[in-house]
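Line by line, the protein sequences give chains C and F. For the first sequence, the numbering used here begins at 1 and goes up steadily by one. For the second sequence, the numbering used here begins at 1 and goes up steadily by one. We treat Cβ as the ideally placed atom computed from N, Cα and C, and that holds for glycine.
2 protein chains.
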Amino acid sequence: MQVRIPRKNLSEALNHLERLIPARSSNTVLTNLKIETKERGLALSGTNLEIDLELVVPAEVQGTETLTTQAQLFSQVVRSLPGEMVELDLEGQELIVTSGGATFKLQTGGTESYPNFSFSDNHDLSLDAKEFMQSISAVRYAAATEEFRAVFRGVQVELNGKHSRVVATDGFRLAYHDFGSLNTEARKLVIPARNADELIKVFRDGEVKLAFLPGILSVASNQARMNIKLMEGELPDYERVIPKNSNVNMEINADELRQAVSRVAVVADKHASNKVELIVAGGKLQLVAESESGRAQDSLDIKQSGSEPAITVGFRAKQLLEALAPIDGVANIGLGQNTPAVFRSEKDSGYLAIVNPLRV
Amino acid sequence: MQVRIPRKNLSEALNHLERLIPARSSNTVLTNLKIETKERGLALSGTNLEIDLELVVPAEVQGTETLTTQAQLFSQVVRSLPGEMVELDLEGQELIVTSGGATFKLQTGGTESYPNFSFSDNHDLSLDAKEFMQSISAVRYAAATEEFRAVFRGVQVELNGKHSRVVATDGFRLAYHDFGSLNTEARKLVIPARNADELIKVFRDGEVKLAFLPGILSVASNQARMNIKLMEGELPDYERVIPKNSNVNMEINADELRQAVSRVAVVADKHASNKVELIVAGGKLQLVAESESGRAQDSLDIKQSGSEPAITVGFRAKQLLEALAPIDGVANIGLGQNTPAVFRSEKDSGYLAIVNPLRV
């Protein structure tokens, strides 16, 4: 084979694969990536056994070849190359990598013992990558990080004729993001949150096509194909924990609130969950935090409404910051004494988050 | 007291002190910093028992006060403040920090149990900070990092009427940098390398004054005073290991050589000290590295001279890169079969480094 390929494009594809492919494994074959010549260019693929990924990089290709080589080393070599273009060739068992005066000869392996990827060519649904990935990005923080019930460590994708939604919850707080209706039969699938992270990084824009295989979500764009293992089960009914009304509502600039929360949290008590108190009264929000070492206070102007004239509620600083993070511009926040706080975005009506207050 | 001080300047001073002052200590007093009102502004000081540091930040000051407060917390609070100016006040035992709507009240302590710093007001020598610190920066890498003989973990400062020099060696490679003559009696002092790092960071330009106290180097500028504990002893005679002549000499662009070394080192054998071979012949330098997983080769144009027509020598990639790092522009490199390689900088005649080749 003879391949001429721009270093930058090859390097970008390898970055995605290098994150996925294990640097060490008891099965050393899994530390390899597969390189395959195609009509459209060079196909590079790899797996962590949870996610299979294939990326096609446009290239001038002559001849037909399929080989495997150590993924991390190949990535490092490509990153270090001096020229804009990279030439690849196979000499016996060695992959020859040439660029601007430098030559590397790398050991290769066969593909017999390498996993066989079964990317789907039939797709059930096509949607806008940016919209779908932004929804996942907006709610992914709410998934559980610790062993709890497995399904809480995933993001649930809900598809049906009426609305499409991505939702995540760790059982204590929740976030969902609606992203418009799709013409599809009703489905719920739960993607492990760390796999969803890879999905977001690989598919950034354009159109993506989804295929629903047993236990697997298959995602494809022009340049990439990804198979993701799904979790079993689905989230319990979460709609019933979302408060219909709150005692006090406020409109506030999300960025100013984030800054104020971060600021007072500096002296918050680590042994008391880094509690930050929100005190709403008379069109003002006061933020207070304290610990043995000191006390902090800040105040912001808000637009206040609701059935009660004032309220004081405490939250974990981190949970406030995470619920606010996807909100750009004005946040609408509903507070109640013994009910979860509700966060909405004025600009992006698809987003909703709830956070439980700390008990006093 | 009442103090008005620009947040940016206060924050910069605290960054220096925060690096030094331990976040945790069995003697909790040492996690504090001392705040003292002075005519010129606010003096902030702290210690890690190896280095005592005092920084004066220009400020509007009313009243006289000396207090201590938790260094890390105070730094975090100042960094988080919203305004350009910070106001400090003392209310009972509480330090009140106000800026742009936010207020912090921090616990303070007395100064009775806090270490007493003895910064020198009499100085033996004054010199250009930039020149002195650049010399230290250029050679500091050559100091030993592991326990060996203590003195090898320091940088030696040599002062006398003829020349001033900073030199470091781990016993296997060596670097020195000369920085002009000073009118002073002959002295050698060894600064622990990690303390030299702090010296470089705090004194960047202007004039510095040195005072030589027993076992301590005292350094002062207009804004800062630092006492550094010195090491006992001095480096053994190193001049005799510097080769007078080399078999092959080359002139080469230091940056291109660094890039080529980094590149071929990607496939160098970790079990063979990441060896990179330099092959000089016919006005060309060829770089070769290999391991089980592959082989790399690169070549660069050089200006070659010397008594022998060709040579092949191997080095640890990291040691080559470190010896080259201080060289900007053209490097003059002398190679011998069984003698150390000598690195000089065309632009900066003060710099010299030697690196031992690997045995074949």
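Note down, in chain order, all residues in the region 110-122 of chain C with a beta-carbon under 7 angstroms from any beta-carbon belonging to chain F. none
Considering only heavy atoms of the ligand ADP, does any lie closer than 6 angstroms to the CB of F:S221? The ligand content of the structure shown is nil, which means the ligand ADP is not present either.
Would C:V167 and C:A196 qualify as a contact pair, given that the criterion is a beta-carbon distance under 7 angstroms? no
Can a CB atom of chain F be found closer than 7 angstroms to the CB of C:G294? It does: the Cβ of C:G294 has a partner Cβ on chain F nearer than 7 angstroms.
Taking Cβ to Cβ, would you say F:L20 is nearer than 7 angstroms to F:L33? no
Secondary structure at C:T103, three-state DSSP: helix, strand or coil? In the three-state DSSP reduction, C:T103 falls in the strand class (E or B).
Interface flag, F:A102 vs chain C, CB-CB below 7 angstroms: yes
Look at the Cβ atom of C:F172, then the Cβ atom of C:N48, and state whether they are nearer than 7 angstroms. no
At 3 residues or longer, what runs of the beta strand (DSSP E) sit wholly inside the region 233-310 of chain C? 248-253, 275-281, 284-291, 294-301 and 303-305
Look up C:K188 in the DSSP assignment and give the residues it is bridged to. C:E158
Using a Cβ-Cβ distance cut-off of 7 angstroms, determine whether F:S307 contacts chain C. no
Look up C:F315 in the DSSP assignment and give the residues it is bridged to. C:V276
Can you name the start and end residues of the alpha helix (DSSP H) that C:H177 belongs to? Looking at the DSSP string, C:H177 is not in any alpha helix (DSSP H); the run it does join, the beta strand (DSSP E), is R173 to D178.
With a cut-off of 8 angstroms on the beta carbons, I'd call C:L287 and C:D301 a contact; round off their distance for me. Not a contact, Cβ separation roughly 13 angstroms.
F:F74 versus F:G63, F:L106, F:I51 and F:V56, residue with shortest Cα-Cα distance: Selected option, being the one with the closest Cα: F:L106.
Alpha carbon to alpha carbon, how far is C:V241 from C:T169? 11 angstroms
Taking only beta-carbon atoms, is F:L378 less than 7 angstroms away from chain C? No statement about residue 378 of chain F is possible, as the shown extent of chain F runs from 1 to 360 and does not include it.
Cβ of F:L73 less than 7 angstroms from any chain C Cβ? yes
Best match in C:I333, C:N247, C:E292 and C:L257 for proximity to C:S307 [C-alpha to C-alpha]: C:N247
CA-CA distance, C:Q214 and F:I279? The question names Gln, yet the displayed sequence has Pro at residue 214 of chain C. If I take the Cα positions, the gap works out to 58 angstroms.
Using the three-state DSSP reduction, which class does C:A224 fall into: helix, strand or coil? Residue state, collapsed to three classes: strand.
For C:Y114, which three-state DSSP category applies? coil
Starting from C:V266, find everything on chain F with Cβ-Cβ shorter than 9 angstroms and list it in chain order. L73, Q76, V77, R79, S80 and F104
Thinking C-alpha only, which one of C:L174, C:H271, C:N332 and C:R359 is nearest C:V313? C:R359
If we call anything under 7 angstroms between Cβ atoms a contact, is F:A268 one with F:L324? no
Residues of chain C with CB closer than 7 angstroms to the CB of F:Q70, please, in chain order. Residues of chain C passing the Cβ test: S293.
Which ranges does the alpha helix (DSSP H) cover as unbroken runs of at least 4 residues, wholly within the region 63-89 of chain F, from first to last along the chain? Taken in chain order, the complete alpha helix (DSSP H) segments of 4 or more residues contained in the region 63-89 of chain F are 71-80.
Delimiting residues of the alpha helix (DSSP H) encompassing F:S26: Element bounds for F:S26: n/a, residue is neither H nor E.
Is the CB of C:D269 under 7 angstroms away from at least one CB in chain F? Chain F contact via Cβ: absent.
Sufficient close CB pairs (3 or more, under 8 angstroms) joining the region 217-236 of chain C to the region 268-277 of chain C: no
I'd like to know whether the C-beta atoms of F:I5 and F:L42 end up nearer to each other than 7 angstroms. yes
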